[in-house]
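Participant:
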Amino acid sequence: MPDLVNFERVALRYGRGPEVLTDATLDLPQGSFTFLTGPSGAGKSTLLKLCYLSLIPSRGLIRMFGRDSALLTNPERQAIKRRIGVVLQDFHLIEHLSVYENVALPLRVSGQSRSTYNADVVELLQWVGLGHRMQALPPTLSGGEKQRCAIARAVIAKPDLLIADEPTGNVDPVIGRRLLRLFSEMNRMGATVLIATHDTHLIDELDARVLRIEEGRVFKGKSQ
Ligand SMILES: Nc1ncnc2c1ncn2[C@@H]1O[C@H](COP(=O)(O)OP(=O)(O)OP(=O)(O)O)[C@@H](O)[C@H]1O
Numbered sequence: 001m002p003d004l005v006n007f008e009r010v011a012l013r014y015g016r017g018p019e020v021l022t023d024a025t026l027d028l029p030q031g032s033f034t035f036l037t038g039p040s041g042a043g044k045s046t047l048l049k050l051c052y053l054s055l056i057p058s059r060g061l062i063r064m065f066g067r068d069s070a071l072l073t074n075p076e077r078q079a080i081k082r083r084i085g086v087v088l089q090d091f092h093l094i095e096h097l098s099v100y101e102n103v104a105l106p107l108r109v110s111g112q113s114r115s116t117y118n119a120d121v122v123e124l125l126q127w128v129g130l131g132h133r134m135q136a137l138p139p140t141l142s143g144g145e146k147q148r149c150a151i152a153r154a155v156i157a158k159p160d161l162l163i164a165d166e167p168t169g170n171v172d173p174v175i176g177r178r179l180l181r182l183f184s185e186m187n188r189m190g191a192t193v194l195i196a197t198h199d200t201h202l203i204d205e206l207d208a209r210v211l212r213i214e215e216g217r218v219f220k221g222k223s224q
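Quick note: the sequence shown uses the UniProt record's numbering, first residue 1, plus one each step.
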């Protein structure tokens, strides 16, 4: 399978700070499921941000969907971003929209009408255990409920690439396994999945690739 994401010797520094990534090489074959681990502060979130085109590398080459990311025009960049579902640590929910509206947003933005997506949104919200919170506003949700809402929003439009940063950090192990099943199901349907996590139990649940970041580089496996 061709790589959906490919990093060649990528470096990233924030402002004038030290290089967080110094020489990161990464490949995400189409249809793969990869966990990304590594110590706190190693650069996992930073690498994910590069993968969803929220940061530009200081050095090196990033290919996304077969294209050199540095050569993308703005519309091309936006088109690629629409193919990526992202779950962030701080959720980024829109506070004045209900849970239902937050999850439906990617479909609404892509021009679909409520009558075409309503059943899918309701089914997914029930599946992630938010069926009773559909009309709630994000500030009234618990951390775990916000996380499940963010995950539902990331997967509703069936993205080609699904990127999640500590997606089970705020939920109990039972819900965590359920969410992992959702990611597996997305992967089975063709999505390429990249999940950053500290949670070794989560990693042990699946027979998936494991990469780790250490000293600015990406290595195979959980530890040396
Ligand atoms: N916006 C920023 N500006 C400056 N430095 C940053 C910024 N974001 C992250 N860093 C620094 O980059 C390094 C890597 O951070 P990053 O969040 O990528 O690590 P991480 O592996 O995801 O950590 P954690 O597991 O704790 O979430 C840290 O030293 C952090 O302080």
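Note that CB positions come from ideal geometry on N, CA and C, so glycine has one too.
Going by other Cβ atoms of all chains shown within 10 Å of its Cβ, with 16 needed for buried, is Gly17 buried or exposed?
Facilitator: Classification of Gly17: exposed, given that the 10 Å Cβ count is below 16.
Participant: Is DSSP giving Glu214 helix, strand or coil here?
Facilitator: Here Glu214 sits in strand by DSSP.
Participant: Can you tell me the Cα-Cα spacing of Glu166 and Gly221, whole angstroms?
Facilitator: Using only the alpha carbons, I get a separation of about 18 Å.
Participant: Got a sec, what are the start and stop residues for the beta strand (DSSP E) Asp172 sits in?
Facilitator: Taken as a continuous stretch (DSSP letters only), Asp172 belongs to no beta strand (DSSP E), as it is neither H nor E.
Participant: Mind checking whether the beta-carbon of Lys44 lies closer than 7 Å to any heavy atom of ligand 1?
Facilitator: Yes; taking the cut-off as 7 Å, the Cβ of Lys44 has a heavy atom of ligand 1 nearer than that.
Participant: Kindly indicate the opening and closing residues of the alpha helix (DSSP H) around Thr116.
Facilitator: Thr116 -> alpha helix (DSSP H) spans Arg114 to Trp127.
Participant: For a quick check, are the C-beta atoms of Val210 and Thr37 less than 8 Å apart?
Facilitator: Contact: yes.
Participant: Going by the C-beta, is Tyr52 closer than 7 Å to any heavy atom of ligand 1?
Facilitator: Tyr52 Cβ: outside cutoff for every heavy atom of ligand 1.
Participant: Between Val99 and Ala150, how many whole angstroms is the CB-CB distance? I'm expecting something under 8 Å.
Facilitator: Not really, about 10 Å apart at Cβ, beyond 8 Å.
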